[in-house]
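Chains as they are written, first to last, in full-length UniProt numbering: chain A, 1 to 235; chain B, 1 to 235.
There are 2 protein chains.
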Amino acid sequence: MTSTPAAPRTRKSPVERRAEIERAARELALEQGLAALTLRAVAARVGVASGLVSHYIDGMDELVASAFAVIVAEELDEVTALLAGEPAAARRVGALIDTVLDGGRDDVTLVWVQGWALGTGNAALAAAVREQMDAWQAMIAGVISDGIAKGSFDLAAGASGDADAVAWQLLALIDGLNAHSLVRWQAAPDRRALTLRVAAALLGADPSALSAGGDADPASRSAHPRSDHHPGENP
Amino acid sequence: MTSTPAAPRTRKSPVERRAEIERAARELALEQGLAALTLRAVAARVGVASGLVSHYIDGMDELVASAFAVIVAEELDEVTALLAGEPAAARRVGALIDTVLDGGRDDVTLVWVQGWALGTGNAALAAAVREQMDAWQAMIAGVISDGIAKGSFDLAAGASGDADAVAWQLLALIDGLNAHSLVRWQAAPDRRALTLRVAAALLGADPSALSAGGDADPASRSAHPRSDHHPGENP
DNA sequence: CCCCATATTGATCGCTTGATCAATACCCGG
DNA sequence: CCGGGTATTGATCAAGCGATCAATATGGGG
């Protein structure tokens with residue numbers, strides 16, 4: 001009973017195997033965090049020997065970095081696509097806030113926080129983190145610039161601050177709120193409303209103009225694209 | 001030349017030794033992050049055998065958690081003391097923002113971020129993180145409540161939101177901005193001005209009322225309490 | 001002054017990590 | 001239908017981790 005491998009050795013094309021490995025890394029990171037991305041853990045998930053994983057990647061650092069990049073870029077694409085459905089720039093900001101604070105994205109938030117933490121001591125990961133942060137900021141800045149061009153926003157209303165700076169500010173708030181909710185489930189019940197106020201103040205717009213659902217009650221909108229687990233669960 | 005210990009074995013009182021160990025842990029965490037808090041690393045810093053550290057603590061998890069708590073509580077005390085010198089509540093908010101965003105606190109920020117990240121898999125640390133987050137939020141909420149009582153702030157001006165919720169929001173923004181600056185040195189040059197605008201919007205106050213230096217130019221105020229290294233250095 | 005309670009040592013265990021490589025076995029092309 | 005190119009294995013190494021404990025040596029109290 002020592003040997004007798006349950007599954008016979010299967011031989012796949014390099015590209016296919018590489019894809020399997022990267023997919024396993026992505027899933028593992030989402031389920032248990034970047035820190036769980038171990039050579040053996042990835043191998044076990046794929047169902048191959050640890051040596052095979054080593055053979056296809058060059059260094060765990062690279063695999064961790066790419067897993068981070070894939071996960072975060074994927075989410076950015078998802079949110080970007082969702083915002084594209086919103087006609088007015090003001091509503092896009094509201095939809096962004098709604099989506100990204102919906103409480104069902106703890107998995108991605110953990111990846112973000114661990115990315116910041118593990119960036120020390122993993123140069124590849126640190127580079128990926130910077131890159132993805134820039135991508136997110138660029139997306140938000142684009143929405144803001146569009147709103148300015150269309151006359152929805154008026155940044156000069158308050159003080160200095162171009163679209164770039166405001167986008168950074170907004171992204172920081174989002175990241176901070178999500179990081180908090182990762183540790184303190186339900187930090188504040190009305191994060192959404194307050195964040196809308198903040199965004200409105202930064203953009204020189206009316207809070208009600210941002211609110212994606214018009215003036216309907218906020219509870220009626222609850223589309224969780226990926227995760228449907230109840231917030232408040234203990235992972 | 002294998003043996004011959006350079007320093008002869010010195011024998012100290014348990015309380016003294018324990019203090020040494022905790023001090024070393026604190027310093028190491030500030031210099032290299034919580035992840036560097038290794039049994040052997042702490043022992044080496046104190047200048048004792050690794051076994052001695054084990055003898056005085058119960059588990060590295062506890063030591064890491066206590067180092068986190070000490071560092072963060074220390075900073076909270078420092079900031080609280082600094083705010084006490086500010087007479088008006090509005091100015092206290094401005095001083096808080098100035099102090100906590102001065103760019104010279106990357107060491108503490110790294111501890112925060114690693115606290116969030118390592119909280120998974122270290123229950124004691126997770127508890128300490130929650131506790132310190134609550135303490136910070138309580139301090140900010142206190143300042144806000146005081147301002148409301150004194151008539152400086154008017155939370156009802158915008159929408160729902162008590163002092164607690166606004167304090168969480170403000171803390172999240174601060175944490176997010178600092179986390180960003182940890183990875184992207186100098187994310188936005190005018191974080192301070194924008195944060196003041198956000199705070200003013202949340203509190204229903206005038207931005208200029210918060211600004212600690214009155215209406216002087218912001219560049220004239222640059223007191224870095226602990227670190228004086230130039231932002232933009234590569235650690 | 002010297003003795004013994006005890007602070008301290010450092011070797012050691014068991015475990016996990018990433019990485020390497022000779023040996024193995026699969027499966028496509030001829 | 002086989003042979004060989006190569007995908008795959010799994011044992012193995014060195015390093016680092018936390019934890020344990022018999023052995024040692026220190027210095028204050030009797």
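Yeah, the Cβ is synthetic: ideal placement off N, Cα and C, and Gly gets one too.
Under the three-state DSSP convention, the category P14(B) falls into: In the second sequence, the residue the question calls residue 14(B) occupies position 14. Helix.
When D102(A), R17(A), L101(A) are compared against A49(A), the one with the closest alpha-carbon: Mapped onto the first sequence, residue 49(A) falls at position 49. Checked all of D102(A), R17(A), L101(A); the closest Cα to A49(A) is R17(A).
Neighbourhood of A36(A) by C-beta, 8 Å cutoff - its chain only, sequence neighbours within 5 removed: By one-based count along the first sequence, residue 36(A) stands at place 36. Result list for A36(A): L28, A29, in chain order.
C-beta contact flag for G59(A) and L110(A) at 7 Å: Start at 1 with the first residue of the first sequence, and residue 59(A) comes out as number 59. Start at 1 with the first residue of the first sequence, and residue 110(A) comes out as number 110. For G59(A) and L110(A), no; Cβs fall outside 7 Å.
Backbone secondary structure at I144(A) - three-state DSSP: Locating residue 144(A) in the first sequence gives position 144, counting from the first residue. DSSP places I144(A) within a helical segment (H, G or I) once states are collapsed to three.
Where I97(A) sits in the DSSP three-state scheme: As a position in the first sequence, residue 97(A) is number 97, starting the count at 1. For I97(A), the three-state secondary structure derived from DSSP is helix.
For V70(A), the nearest candidate out of R91(A), A25(A), E86(A) (CA to CA): Start at 1 with the first residue of the first sequence, and residue 70(A) comes out as number 70. In terms of Cα proximity to V70(A), the closest of R91(A), A25(A), E86(A) is A25(A).
DSSP-derived helix/strand/coil call for F68(B): Position 68 of the second sequence, counted from the first residue, corresponds to residue 68(B). Taken through DSSP and simplified to helix, strand or coil, F68(B) comes out as helix.
Contacting positions in the segment 178-192 of chain A - beta carbon closer than 8 Å to chain B: Here the close residues are A179, H180, L182, V183, R184, A187, A188, P189, D190, R191.
Length of the line joining the Cα atoms of G47(B) and T10(A): One-based indexing of the second sequence puts residue 47(B) at position 47. One-based indexing of the first sequence puts residue 10(A) at position 10. Cα-Cα distance, rounded: 54 Å.
Inter-residue CB distance, A117(B) and Q114(A) (contact presumed, cutoff 8 Å): What you label residue 117(B) is simply residue 117 of the second sequence in a count that begins at 1. What you label residue 114(A) is simply residue 114 of the first sequence in a count that begins at 1. The beta-carbon distance between A117(B) and Q114(A), rounded to whole angstroms, is 5 Å. This is short enough to meet the 8 Å contact definition.
A65(A) vs A156(A) beta-carbon contact at 7 Å: As a first step, residue 65(A) is located in the first sequence; it is residue number 65 there, counting from the start. As a first step, residue 156(A) is located in the first sequence; it is residue number 156 there, counting from the start. In this structure, A156(A) does not lie closer than 7 Å to A65(A) by Cβ.
Test: R130(A) CB closer than 7 Å to a CB of chain B: By one-based count along the first sequence, residue 130(A) stands at place 130. By this cut-off, R130(A) is an interface position.
T120(B) versus E22(A), L196(A), R184(A), P207(A), residue with shortest Cα-Cα distance: The residue labelled residue 120(B) in the question sits at position 120 within the second sequence. Distances from the CA of T120(B) to each of E22(A), L196(A), R184(A), P207(A) were compared; the closest alpha carbon is that of R184(A).
Bounding residues of the alpha helix (DSSP H) (the contiguous stretch that carries G85(B)): The residue you call residue 85(B) lines up with position 85 of the second sequence. Element bounds for G85(B): n/a, residue is neither H nor E.
Anticipated Cβ contact below 8 Å, A89(B) with V143(B), distance rounded: Counting from one through the second sequence, the residue named residue 89(B) turns up at place 89. Counting from one through the second sequence, the residue named residue 143(B) turns up at place 143. So it is a contact: roughly 6 Å between Cβ atoms.
Interface flag, G176(A) vs chain B, CB-CB below 7 Å: Residue mapping note: residue 176(A) aligns to position 176 of the first sequence, counting from 1. Under the 7 Å criterion on CB atoms, G176(A) is classed as interfacial with respect to chain B.
Helix, strand or coil at V48(A) [DSSP, three-state]: In the first sequence, residue 48(A) corresponds to position 48, counting from 1. In the structure shown, V48(A) sits in coil (DSSP, three-state: anything other than H, G, I, E or B).
Best match in K150(B), A95(B), R23(B) for proximity to L63(B) [C-alpha to C-alpha]: Walking along the second sequence from the start, residue 63(B) turns up at place 63. Checking every option, the nearest Cα to that of L63(B) belongs to R23(B).
Interface flag, L173(A) vs chain B, CB-CB below 7 Å: By 1-based counting over the first sequence, the position of residue 173(A) is 173. Put simply, the CB of L173(A) is near chain B, with a gap under 7 Å to one of its CB atoms.
Close-in-space but distant-in-sequence residues of the same chain around L182(A) (CB under 7 Å, 5 per side omitted): Along the first sequence, read from residue 1 onward, the residue named residue 182(A) stands at position 182. Counting only Cβ-Cβ distances below 7 Å, and skipping sequence neighbours, we find D106, T109, L110, V113.
Reduced DSSP secondary structure (H/G/I, E/B, other) of W116(B): Position 116 of the second sequence, counted from the start, is the residue given in the question as residue 116(B). Residue state, collapsed to three classes: helix.
Interface flag, A127(A) vs chain B, CB-CB below 7 Å: The residue labelled residue 127(A) in the question sits at position 127 within the first sequence. So no, A127(A) is outside the interface.
Cβ neighbour criterion (16 or more within 10 Å) applied to residue 247(A): With chain A represented from 1 up to 235, any question about residue 247(A) goes unanswered, as that position is not in the structure.
Proximity of A141(B) and A163(B) at Cβ, strictly below 7 Å: Here the question's residue 141(B) lines up with position 141 in the second sequence. Here the question's residue 163(B) lines up with position 163 in the second sequence. Yes, these two residues count as a Cβ contact at 7 Å.
CB contact below 7 Å: A90(B) versus chain A: Along the second sequence, one-based indexing puts residue 90(B) at 90. Chain A, which has no Cβ nearer than 7 Å to the Cβ of A90(B), makes this no.
Three-way DSSP call (helix, strand, coil) for P207(A) in this model: Reading the first sequence from its first residue, position 207 is the one you call residue 207(A). Helix, per DSSP.
Helix, strand or coil at N178(A) [DSSP, three-state]: Counted from its first residue, the first sequence places residue 178(A) at position 178. In the three-state DSSP reduction, N178(A) falls in the helix class (H, G or I).
Straight-line gap, A126(A) to V15(B) (C-alpha atoms, nearest Å): Here residue 126(A) refers to the residue found at position 126 when the first sequence is read from its first residue. Here residue 15(B) refers to the residue found at position 15 when the second sequence is read from its first residue. When the Cα atoms are used, A126(A) and V15(B) turn out to be separated by approximately 41 Å.
E31(A), buried or exposed, once every other Cβ within 10 Å from all chains shown has been counted against 16: What you label residue 31(A) is simply residue 31 of the first sequence in a count that begins at 1. With fewer than 16 Cβ atoms within 10 Å of its Cβ, E31(A) is classed as exposed.
T195(B) in three-state terms, based on DSSP: Translated into the one-based positions of the second sequence, residue 195(B) becomes position 195. Reduced to three states, the DSSP call for T195(B) is helix.
CB contact flag (Q137(A), L171(A), <7 Å): Position 137 of the first sequence, counted from the first residue, corresponds to residue 137(A). Position 171 of the first sequence, counted from the first residue, corresponds to residue 171(A). Contact check for Q137(A) against L171(A) passes: the beta carbons are separated by less than 7 Å.
C-beta contact flag for G61(B) and A19(B) at 7 Å: Within the second sequence, numbered from 1, the residue matching residue 61(B) stands at position 61. Within the second sequence, numbered from 1, the residue matching residue 19(B) stands at position 19. In the sequence as displayed, the identity of residue 61(B) is Asp instead of Gly. Contact flag unset, no.
Top-ranked residue by Cα proximity to F153(A), from W168(A), A81(A), L203(A): In the first sequence, counting from the first residue as 1, residue 153(A) sits at position 153. Of the candidates W168(A), A81(A), L203(A), the one whose C-alpha sits nearest the C-alpha of F153(A) is L203(A).
C-beta neighbour in chain B for L194(A), strict 7 Å: For the purposes of this step, residue 194(A) is taken as residue 194 along the first sequence, with counting starting at 1. At least one chain B Cβ lies under 7 Å of L194(A).
Partners in chain A for G142(B), counting only beta-carbon separations shorter than 7 Å: Locating residue 142(B) in the second sequence gives position 142, where the first residue counts as 1. The premise fails here: G142(B) is roughly 16 Å from chain A at the closest Cβ pair, so nothing lies under 7 Å.
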